[in-house]
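This note's numbering puts the first residue of the sequence shown at 1425, with every later residue one more than the last.
No residue lacks a Cβ here, since even glycine has one placed at the ideal position from N, Cα and C.
On a predicted model such as this, the values are computed, not experimentally measured, just so you know.
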Amino acid sequence: MTNPLSPGSLAGKRALITGSSRGIGAQTATYVAEAGASVVVNYRSKAPRADKLVSSLTASGATAIAVGADLTDPASVTAMFERVREEFGGLDLLFLNASGGMEQGMAEDYAMQLNRDAQVNALTTALPLLAPGSRIVFVTSHQAHFIETVETMPEYEQVARSKRAGEDALRELIPTIEAAGVEFVVVSGDMIEGTITATLLERSNPGALATRKEAAGKLYDVAGFAAEVALAAVEPVPADHTRYVGDISSFTG
């Protein structure tokens, strides 16, 4: 897919994308770097994959570094942003893309730790690095955003509720964010073909993706949705701070 951002449109900007060694995060990092931003590729445990992405970006002339951090570990997050301060001096764009909760072998409250508590900690830790005019982009799903009014698949409900709790917690910080001169926008999309979440849902509920695709009429792939996430860095923030990707009629009636 063609980069939705104009060449040079983010020249001089510094961006960090959480969970960007693969999937939507990696594609978002690519679009942002190609538009001229210096990029921090964050990963939890897949250093080789993150390093490969950084090598690809730098080979194309971009400035990029890979920084590992477990977002559920506050000390790890603090160290990540200290590295950002040392390398880039600050940030202009923070994409809160990392999420999860369907993984096997994690703590019972892992979804809430990652999708709510870690998001709040990442934002508040990063805020001193964000100059006036900067922007924070939080990535979520329609299934999570509308969970209080529209049921989702049982296999995804825990994740959806934890992501909605994270969105609510971040929205409570909007007065503090705006007082610092920083903008905040939520990007909400339907199930995305090719993501680890879609794969895990399909594994636990065969046919789930096809059923959702039939109801929605269209599902975005990774590159298409990442394009919308990247555009959230430059397009005007909606009045309700929410950028909806695709048709939401099946969620709003």
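Segment limits, beta strand (DSSP E) that includes residue i
{"i": "S1479", "result": "Per DSSP, S1479 belongs to no beta strand (DSSP E); it is in the alpha helix (DSSP H), 1471-1483."}
{"i": "F1519", "result": "1515-1520"}
{"i": "A1555", "result": "1554-1565"}
{"i": "V1464", "result": "1462-1467"}
{"i": "T1666", "result": "1666-1668"}
{"i": "R1438", "result": "1438-1441"}
{"i": "E1607", "result": "1607-1613"}
Whole-Å CB distance - residue i paired with residue j, under 8 Å assumed
{"i": "S1444", "j": "N1521", "result": "6 Å"}
{"i": "I1571", "j": "R1588", "result": "5 Å"}
{"i": "R1667", "j": "A1656", "result": "5 Å"}
{"i": "L1434", "j": "F1505", "result": "The pair is not a contact, with the Cβ atoms about 20 Å apart (cut-off 8 Å)."}
{"i": "P1556", "j": "G1631", "result": "So it is not a contact: roughly 49 Å between Cβ atoms."}
{"i": "Q1567", "j": "T1573", "result": "So it is not a contact: roughly 11 Å between Cβ atoms."}
Opening and closing residue of the alpha helix (DSSP H) in which residue i lies
{"i": "R1509", "result": "1498-1512"}
{"i": "A1531", "result": "Premise fails: A1531 is in no alpha helix (DSSP H) and is neither H nor E."}
{"i": "E1652", "result": "1646-1655"}
{"i": "F1675", "result": "1673-1676"}
{"i": "A1488", "result": "That residue, A1488, is in no alpha helix (DSSP H); its beta strand (DSSP E) goes 1488-1492."}
{"i": "S1586", "result": "1578-1595"}
{"i": "L1547", "result": "1542-1550"}
{"i": "A1604", "result": "Note, A1604: premise wrong, no alpha helix (DSSP H); not H, not E."}
{"i": "Q1537", "result": "Looking at the DSSP string, Q1537 is not in any alpha helix (DSSP H), and its letter there is neither H nor E."}
{"i": "G1449", "result": "1447-1458"}
Residues near residue i in its chain [Cβ-Cβ closer than 7 Å; skip 5 each side]
{"i": "A1650", "result": "I1448, Q1451, T1452, Y1455"}
{"i": "S1586", "result": "G1525, A1535, M1536, N1539, R1540"}
{"i": "D1671", "result": "A1640, G1641"}
{"i": "G1648", "result": "M1425"}
{"i": "S1500", "result": "A1493, D1494"}
Cut-off 8 Å between Cβ atoms - residues of its own chain near residue i, not counting five sequence neighbours on either side
{"i": "I1598", "result": "F1608, H1665"}
{"i": "V1551", "result": "One point to set straight first is that residue 1551 is Leu, not Val, in the sequence displayed. Answer for L1551: T1600, I1601, A1604, V1606, listed in chain order."}
Check whether residue i and residue j have beta carbons under 8 Å apart
{"i": "V1658", "j": "L1429", "result": "yes"}
{"i": "A1584", "j": "D1614", "result": "no"}
{"i": "V1669", "j": "S1612", "result": "yes"}
{"i": "E1579", "j": "V1610", "result": "no"}
{"i": "V1478", "j": "A1461", "result": "no"}
{"i": "T1600", "j": "T1549", "result": "no"}
{"i": "V1563", "j": "F1519", "result": "yes"}
{"i": "L1643", "j": "L1594", "result": "no"}
{"i": "A1542", "j": "L1495", "result": "yes"}
Same chain, Cβ closer than 6 Å to residue i, five either side skipped, listed in chain order
{"i": "N1427", "result": "Y1455, E1458"}
{"i": "Y1467", "result": "S1445, A1474, G1492"}
{"i": "A1439", "result": "V1456, A1461, V1463, L1517"}
{"i": "H1569", "result": "S1612"}
{"i": "T1487", "result": "S1462"}
{"i": "R1636", "result": "M1615"}
{"i": "K1470", "result": "S1445"}
CB contact check: residue i to chain C, cutoff 8 Å
{"i": "G1443", "result": "Looking at the structure shown, chain C is missing, and only one protein chain is on hand."}
Check whether the region 1472-1484 and the region 1510-1520 are in contact - that is, three or more C-beta pairs closer than 8 Å.
The region 1472-1484 vs the region 1510-1520: no contact.
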